[in-house]
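Okay, structure first, notes after.
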Amino acid sequence: MLKRVDRVQIAVGERDVAERVLVEIFGAEVLRRDEVAHLVASRTTMQAGTSLVEILMPEGAGPVADFVNRWGGGLFGAGFSVADLEQAAAYLGENGIHFTRASGQLFLDRAATFGLNAVISVNHERAPLGAIKWIYEVTNVVGDWRAAADRYAKIFALDSSKFCPITSKDFGYTGTLTLFDPPARLDRVEIAQITDYNGAMGRFHQKRGDSLYMFFVEADDVEALAKRLDARKARYAAWRSDEAGLAELFIHPSAFLGVLVGVSRTEQAWLWSGDPERARRASERLARRKGFG
């Protein structure tokens with residue numbers, strides 16, 4: 001049923017500051033501003049690459065205000081797109097998944113997921129803009145990755161045979177990537193169960209329980225994005241480089257509205273998504289174009 005990781009929702013206390021961060025780091029553009037009565041929040045919808053970021057600011061007592069008051073803001077929700085919203089609504093209803101229809105979207109009951117505020121929208125193809133290509137992953141930290149994978153396969157009508165196992169000793173977790181449409185695209189929910197509670201992800205799960213942890217974007221030029229971060233004196237960590245240059249980095253939450261953001265070079269994420277040779281071939285081609293190989 002799901003076609004894309006279409007958007008993320010970020011809860012903030014100051015909308016103008018948030019919009020400026022998106023413009024200066026991602027090269028995002030404002031598409032519209034409106035209200036989401038269901039969330040008791042004002043919303044700025046911005047486009048970066050072909051994806052959307054919804055900036056949510058509380059306008060009274062409600063879920064966004066509760067989130068901001070408790071956590072100070074950050075990654076509130078994740079949005080997925082479908083070809084037919086009516087078919088998606090019918091499927092969810094038939095499977096006992098409660099949701100609220102508002103603003104042309106379906107907001108799933110939080111009890112349906114493992115701490116993931118999910119919103120479903122109609123898929124739209126957009127011309128890319130800015131410094132990234134798209135958002136392709138949201139990370140959901142959970143206590144039981146198998147139970148979460150089974151749940152998401154059911155409620156989102158995903159083919160679990162396409163999922164890709166993942167384990168990270170560096171970050172202390174194991175789980176799966178719920179790939180929607182491989183090998184065509186990387187879009188997925190990363191479901192992560194903690195194996196080392198001494199790491200940042202483990203501490204986050206201890207504090208917040210099952211919840212959204214971060215999101216990942218793809219960019220043709222990670223080094224150019226690093227320069228945008230340097231211009232803001234923003235904190236980030238260059239994570240992986242190869243013969244073609246900087247391949248991955250992580251933007252610290254202090255630099256991005258309380259959200260940890262991963263950035264990987266085009267095709268690089270296939271290295272841990274079931275097709276490492278594809279990633280290596282892409283790196284070799286890029287290195288040759290740059291005159292490094």
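Residue 270 in the working numbering sits at position 270 of the sequence shown, with consecutive numbering throughout.
Cβ atoms here follow ideal geometry from the backbone N, Cα and C, with glycine treated the same way.
Starting from Q87, follow the alpha helix (DSSP H) in both directions and report where the run begins and ends.
-> L85 to E94
Among K3, Q9 and V5, which one has its Cα closest to the Cα of F256?
-> Q9
Skipping 5 residues on each side, what residues in its chain have a beta carbon closer than 8 angstroms to that of F250?
-> If you ignore the 5 residues before and after F250, its C-beta comes within less than 8 angstroms of the C-beta of Y236, A237, W239, L260, V261, G262 and V263, all in its own chain and listed in chain order.
E248 classed as buried or exposed, judged by whether at least 16 other C-beta atoms fall within 10 angstroms | buried
Helix, strand or coil for N117 per DSSP?
-> strand
Cutoff 6 angstroms; reference A279; Cβ partners in own chain excluding five residues on either side = Excluding residues up to 5 positions away in sequence, E267, Q268, W270 and L271 lie with their Cβ nearer than 6 angstroms to the Cβ of A279 in the same chain.
Element boundaries [beta strand (DSSP E), containing D196] = Counting along the chain, D196 falls outside any beta strand (DSSP E), and DSSP gives it neither H nor E.
I155 by DSSP, collapsed to three states: which one?
-> The answer is helix: DSSP assigns I155 an H, G or I state.
Between T50 and the rest of its own chain, which residues show a CB-CB distance below 6 angstroms, the 5 nearest in sequence each way excluded?
-> R126, P128 and W134
Skipping 5 residues on each side, what residues in its chain have a beta carbon closer than 6 angstroms to that of M214?
-> Within the same chain, M214 has close Cβ partners T139 and L260.
Three or more C-beta pairs closer than 8 angstroms, one from the region 165-184 and one from the region 58-73: is that the case here?
-> no
Mind checking who F215 pairs with in its DSSP beta bridge?
-> DSSP output for F215 lists V138 and V261 as bridge partner(s).
Can you tell me which of the three DSSP states S254 falls into?
-> helix
Helix, strand or coil at D6 [DSSP, three-state] | strand
Quick one: grab the DSSP three-state call for M294.
-> Because residue 294 is not part of the residues shown, which for the chain are 1 to 293, the question remains open.
Which word fits H124, buried or exposed, when buried means at least 16 other C-beta atoms lie within 10 angstroms of its C-beta?
-> exposed
Three-state class that DSSP yields for I25 in the structure shown = helix
Compute the beta-carbon to beta-carbon distance between W145 and A192, rounded to the nearest angstrom, for a pair I have assumed lies under 8 angstroms.
-> 7 angstroms
Cα-Cα, which of I120, V53 and A18 is closest to A217?
-> It should be noted that the sequence gives Val, not Ala, for residue 217. If we check each option's Cα against that of V217, V53 comes out closest.
What did DSSP end up calling A131 once you bin it into helix, strand or coil?
-> coil
Among D150, M46 and V21, which one has its Cα closest to the Cα of E298?
-> Nothing can be reported for residue 298: it is not among the residues displayed for the chain, which extend from 1 to 293.
The beta strand (DSSP E) spanning A37 covers which residue range?
-> Taken as a continuous stretch (DSSP letters only), A37 belongs to no beta strand (DSSP E), as it is neither H nor E.
Member of A234, G143 and E190 whose CA lies at the smallest distance from the CA of D196 | G143
Candidates G199, G245 and A234, of which the one nearest D221 by Cα = Nearest option by C-alpha distance: G245.
Residue environment, A351, which counts as buried when at least 16 other CB atoms sit within 10 Å = Because the chain spans 1 through 293 in this model, residue 351 falls outside it and cannot be assessed.
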